[in-house]
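Under UniProt numbering, think of the first position of the sequence shown as 43, with each following residue one higher. This report concerns only the one structure given below.
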Amino acid sequence: GSLNYTHLQDERRKLPIYTTRHRLLKALQPMSSAIVIGETGSGKTTQLPQYLYESGQHKKLMIACTQPRRVAAITVAQRVAEEMGDQLGHTVGYCVRFEDCTGKDTKIKYMTDGMLLREAIHDPLLKRYSTVILDECHERTIHTDVLFGVVKKAQAERKERGMILLKIIVMSATMDVDHFSNYFNKAPVLYIEGRQYTVKIMYTSEPQSDYVFSALAAVFQVHEESPPNEDILVFLTGQEEIESAVKSIKDIAKDLSQDSPPLIVCPMYAALPSNLQLRIFQHTPKGSRKVIVATNIAETSITIHGIKHVIDTGKVKAKVFNPFSGLDLLKVVNTSKAQAWQRSGRAGREAPGTCYRLYTESEYDQMRDNTLPEIQRCNLSSVILQLLALGIEDVLNFDFMDKPSKESLENAVNQLELLGAVIKDIKPKLTPEGRKMADFPLEPRLAKVILAAKDHSCLEEILTIVSALSVDSVYHTPASKKDDAVAVRNKFMASEGDHLTLLNIYRAYKGVNCNKQWCHDNFLNGRNLRTAVDVKKQLKEICTRQQLPVESCGQDTTAIRKCLCAGFFMNAAELQKEGQYVTVSSRKPVSIHPSSSIFQCKPAYVIYNELIQTSKCYMRDLSVVDADWLYDVAPSYFRRKLSKK
Ligand code: ADP
Ligand code: MG
C-alpha cells in the first residue's frame with residue numbers, strides 16, 4: 043500500500059545514484075551515447091531507467107534495459123514496478139525467452155540481450171525504443187558484443203533518415219572505459235560516486251586441491267568466529283555443485299552446539315525458481331546468520347544486503363570453444379583479477395568486511411586482468427549465422443568491438459557453406475536452410491543434424507541424442523568406483539557407437555519414469571538426464587514451429603547415423619592398414635578414446651564430436667559410419683569416393 047510506497051521512495055533517495063540524479067540527467071540530455079560507471083548496488087539498473095522515464099521527452103517510445111541474465115531482468119523489473127507503485131507488466135515489464143511480461147503501456151522494458159537481438163531481426167532500427175541501455179557490459183557475452191554493433195548501426199541509420207534519435211547508454215561496474223568509449227564514437231564517461239568500505243583480503247598459504255571442500259571449511263570457520271547477523275556470500279560455479287554444498291552446510295549445521303547462531307542457507311543460480319530467489323533479498327532475523335551460495339550471478343548483476351564475509355573459490359563456469367570439435371563447452375576455469383575484485387567488493391557495501399580468497403597470492407598474480415570476451419572463446423559459426431539472420435549483409439566486416447581474426451571468421455563462413463547454411467556470393471548469404479538452422483539455440487552442426495532427420499524419418503531419436511549431447515555428462519563415475527561404474531553401464535553400450543549408447547541410456551531412463559534411485563544404481567547423473575528431457579521438449583517446440591515431423595525410426599540405427607554424418611562429416615576418421623586412424627580432413631593421427639563403446643573395434647570409418655589432446659589425440663563421442671554415407675552428404679567436400687576396406 044501507500045506506506046510501503048513511501049518507504050520505497052525513502053530507500054530510493056538513499057542510493058548513491060540519487061545525489062547525482064540532476065547532474066546525470068543534464069549530462070545525458072544532449073548526448074547520443076554515454077557510458078555510466080558505478081559500483082554494484084549504487085542504483086544504476088533500478089534507478090537510471092526510472093530517471094529517464096520521469097524526465098522523458100519521447101513518452102510514446104520505450105526505454106530498453108538489457109541484462110545478460112534472465113533472472114536479473116525479472117527480479118529487477120519486479121523491484122522497479124514495486125518502487126513505482128505499479129503492477130508488473132504495465133509501465134514496467136520484462137521480456138525473456140519463452141516469457142513476455144509487457145503490455146501496451148509498457149515504457150520501461152527489462153530484457154535479456156538475446157531477446158533484443160531477436161527483436162532486431164524483425165526491426166533493425168529498433169523503432170519502438172527511444173533509449174537502449176546496455177547493462178552489465180563488462181560481462182562481454184556474445185550477445186552483448188553483437189548488440190553493440192547492432193545498436194550502433196541502428197543509431198547511425200536513424201540519424202541519417204531524420205528519425206527520432208536513438209540514445210545508447212552503456213552501463214557497468216568497473217571496466218576498460220577507454221575501449222568502450224572509443225567504440226561508441228568517443229562517448230563521454232559519467233561516474234557515480236559509490237560508497238565502498240575497506241575489505242580485508244585473505245589468501246590461503248597453500249594451493250587448495252578441492253575448492254568445494256575448502257569453501258565449506260571456510261564457511262564454518264567464519265561461522266564459529268563471527269558474531270551473528272554477519273552474513274556470508276560464497277562463490278561456487280554451478281547449480282549442481284551449489285545444491286550439494288547447501289545440503290552439506292545444512293547437514294553439518296545440525297551437529298553444531300546449541301549456542302551457535304541458526305544458519306539460513308540459500309542457493310542462488312540462474313535456473314533457481316524465482317520464489318526461492320527472492321528469499322535472498324529478505325533481511326536476516328536477529329541472532330541468526332544467512333549463508334548465500336551463489337554463482338558469479340552475485341558478482342555484479344544482483345545486490346544482496348548484509349554481506350560481511352565473502353568466500354571466493356576463484357572459480358567460474360565459462361563457455362570455452364573447442365576448435366577441433368567446433369563445440370562450445372562449459373568448463374570450470376579460474377576467474378580474472380577483475381572478477382576477484384568484484385567478488386571481494388560485495389563484502390564492503392554497508393560496512394568494512396573480509397574476503398577469504400581460497401587460493402594463494404601467487405595464484406592470484408597469475409590470473410588474467412580481465413575476462414576474455416566470449417566472442418574470442420566461442421564458436422564463430424554460430425555468431426555468423428546469427429548476424430546473417432539479423433540481416434547484416436557484410437558479416438566479415440561487421441563492426442565488432444574486439445574483432446575476431448580474419449581466418450577464424452572465414453573458417454566459420456566456410457563451415458557454414460559446407461553445411462548448406464550460406465552460399466558464397468560476393469558476400470556470404472543465408473540460405474532458407476540456414477534460416478531454419480538459426481532458429482535453433484544450437485551449434486550449427488547440431489542444427490543441421492536435426493534438419494537432416496526429416497529425410498530419414500528419425501527426428502524423435504535425433505532430438506534425444508542432440509539433447510543428451512547438449513547437457514553436462516550423463517555419466518556419474520565416482521573415482522573410487524570406476525570399475526563398478528563401467529561394468530554396470532556395460533548393458534547400455536551400443537556396438538554402433540556412443541551416440542547410440544546415449545540413446546539407449548535416455549530410453550532406459552524414460553522407461554523407469556526418470557527414477558532417481560535407478561540413476562544412482564546405474565552410475566548415471568540424474569540431474570543432467572532430467573535437464574536433457576527439458577532441452578528435448580524445447581527443441582521439439584521449435585521443430586513443431588518449423589513443421590518438421592517428429593517421427594521415430596524404431597530400431598533402424600542406420601537412419602540415425604546417416605543424419606549424424608550430415609552435420610559431422612567434417613569430423614571423420616579413416617582406418618589405415620597399420621591399424622591406426624587418421625582424420626579424413628588433415629590426415630592427423632588419432633585414436634579411439636578408451637571410454638568409447640567401440641574402443642575394442644576397428645571400423646573402417648568413424649565420425650566423432652570432439653578431439654581431446656592428452657598423451658595422444660583421442661576422438662570422443664563416436665559413431666561407426668559407412669564410406670558411402672559420408673560421400674553422399676558432401677561429395678564436393680570429399681571430392682573422391684572414399685575407399686572401402
Ligand atoms: P546497480 O545496478 O548499480 O548494481 P541496483 O539498481 O541493481 O544497483 O540496486 C540498487 C539497490 O536496490 C540495491 O542496493 C538493492 O538493495 C536494491 N534492490 C535491487 N533489487 C532488489 C530486489 N529485487 N529486492 C530488494 N531490493 C532490491
Ligand atoms: Mg546493475
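Virtual Cβ for every residue (Gly too), placed ideally from N, Cα, C.
Tell me whether residue i is buried or exposed, calling it buried when 16 or more other Cβ atoms sit within 10 Å of its Cβ.
{"i": "E616", "result": "buried"}
{"i": "I465", "result": "exposed"}
{"i": "H49", "result": "exposed"}
{"i": "G368", "result": "At G368, the pLDDT of 48 sits below 50, so the modelled position is not reliable and the matter cannot be decided from this model."}
{"i": "P470", "result": "buried"}
{"i": "S627", "result": "exposed"}
{"i": "S657", "result": "exposed"}
{"i": "T62", "result": "buried"}
{"i": "A529", "result": "exposed"}
{"i": "M205", "result": "exposed"}
{"i": "F277", "result": "buried"}
{"i": "I468", "result": "exposed"}
{"i": "A119", "result": "buried"}
{"i": "Y623", "result": "buried"}
{"i": "R121", "result": "buried"}
{"i": "L542", "result": "buried"}
{"i": "N317", "result": "exposed"}
{"i": "F440", "result": "buried"}
{"i": "L45", "result": "exposed"}
{"i": "H64", "result": "exposed"}
Determine, using beta carbons only, whether residue i comes closer than 9 angstroms to chain C.
{"i": "L320", "result": "Although the question refers to chain C, the structure presented lacks it and comprises just one protein chain."}
Quick check on DSSP: helix, strand or coil for residue i?
{"i": "Y47", "result": "helix"}
{"i": "A399", "result": "Checking the sequence, you will find Arg at residue 399 rather than Ala. Three-state result, R399: strand."}
{"i": "L523", "result": "The sequence shown places Lys at residue 523, not Leu. Here K523 sits in helix by DSSP."}
{"i": "D674", "result": "helix"}
{"i": "Y679", "result": "helix"}
{"i": "M205", "result": "coil"}
{"i": "F442", "result": "coil"}
{"i": "K166", "result": "The sequence given here has Pro at residue 166, not Lys. Note: P166 maps to coil in three-state DSSP."}
{"i": "G390", "result": "helix"}
{"i": "I468", "result": "coil"}
{"i": "I353", "result": "strand"}
{"i": "T625", "result": "strand"}
{"i": "residue 697", "result": "In the structure displayed, the chain extends from 43 to 687; residue 697 sits before or after that span and is not available."}
{"i": "P636", "result": "coil"}
{"i": "R572", "result": "helix"}
{"i": "E283", "result": "helix"}
{"i": "G80", "result": "strand"}
{"i": "K361", "result": "strand"}
{"i": "M244", "result": "strand"}
{"i": "Y239", "result": "coil"}
{"i": "K194", "result": "helix"}
{"i": "G539", "result": "strand"}
{"i": "F482", "result": "coil"}
{"i": "N412", "result": "coil"}
{"i": "N453", "result": "helix"}
So residue i and residue j are in contact, right, with Cβ under 8 angstroms, and what is the actual spacing, rounded?
{"i": "residue 12", "j": "I584", "result": "A query on residue 12 cannot be resolved here, the shown segment of the chain reaching from 43 to 687 and no further."}
{"i": "R200", "j": "L189", "result": "Actually they do not touch by this definition, with Cβ atoms about 16 angstroms apart."}
{"i": "N412", "j": "D218", "result": "7 angstroms"}
{"i": "R388", "j": "A340", "result": "7 angstroms"}
{"i": "D273", "j": "K350", "result": "6 angstroms"}
{"i": "L432", "j": "I346", "result": "L432 to I346, Cβ: 36 angstroms. No contact."}
{"i": "I116", "j": "Y136", "result": "5 angstroms"}
{"i": "V513", "j": "L544", "result": "Actually they do not touch by this definition, with Cβ atoms about 10 angstroms apart."}
{"i": "K357", "j": "Y253", "result": "6 angstroms"}
{"i": "N651", "j": "F610", "result": "7 angstroms"}
Across which residues does DSSP place residue i in a beta bridge pair?
{"i": "K151", "result": "A106, G135"}
{"i": "Q655", "result": "C659"}
{"i": "C420", "result": "Paired residues: none, contrary to the question."}
{"i": "Y171", "result": "M104"}
{"i": "Y517", "result": "L566"}
When the Cβ atoms of the stretch 286 to 297 are set against those of the stretch 323 to 331, are three or more pairs found closer than 8 angstroms?
Short answer: they don't touch.
If contact is defined by three or more beta carbon pairs under 8 angstroms, each pair taking one atom from either stretch, is the stretch 552 to 561 in contact with the stretch 664 to 678?
No: the two stretches stay apart, fewer than three of their Cβ pairs being nearer than 8 angstroms.
Count Cβ pairs between the stretch 74 to 89 and the stretch 247 to 260 that sit closer than 8 angstroms; are there 3 or more?
The answer is no - the stretch 247 to 260 does not touch the stretch 74 to 89, with fewer than three Cβ pairs under 8 angstroms.
Any contact between the stretch 299 to 315 and the stretch 331 to 348? By contact I mean 3 or more CB pairs, one from each, below 8 angstroms.
As far as the Cβ criterion goes, the stretch 299 to 315 touches the stretch 331 to 348, which means the pair count is three or higher.
The stretch 621 to 640 contacting the stretch 594 to 608, beta-carbon criterion three pairs below 8 angstroms
A contact between stretches requires three or more CB pairs, one per stretch, nearer than 8 angstroms, and the stretch 621 to 640 fails this requirement with the stretch 594 to 608.
Should the stretch 107 to 121 be called in touch with the stretch 262 to 274, which here means at least 3 C-beta pairs below 8 angstroms?
Cβ pair count under 8 angstroms is below three, so no.
State whether the stretch 209 to 217 contacts the stretch 446 to 458, with contact taken as three or more CB pairs (one from each stretch) at a distance under 8 angstroms.
With the rule of 3 Cβ pairs closer than 8 angstroms, the stretch 209 to 217 does not count as touching the stretch 446 to 458.
Are the stretch 412 to 421 and the stretch 171 to 183 touching, with three or more C-beta to C-beta distances below 8 angstroms?
Verdict: yes, contact present.
Validate contact between the stretch 128 to 135 and the stretch 391 to 409 using beta carbons, cut 8 angstroms, 3 pairs:
Segment contact: the stretch 128 to 135 against the stretch 391 to 409, fewer than three CB-CB distances shorter than 8 angstroms; contact not assigned.
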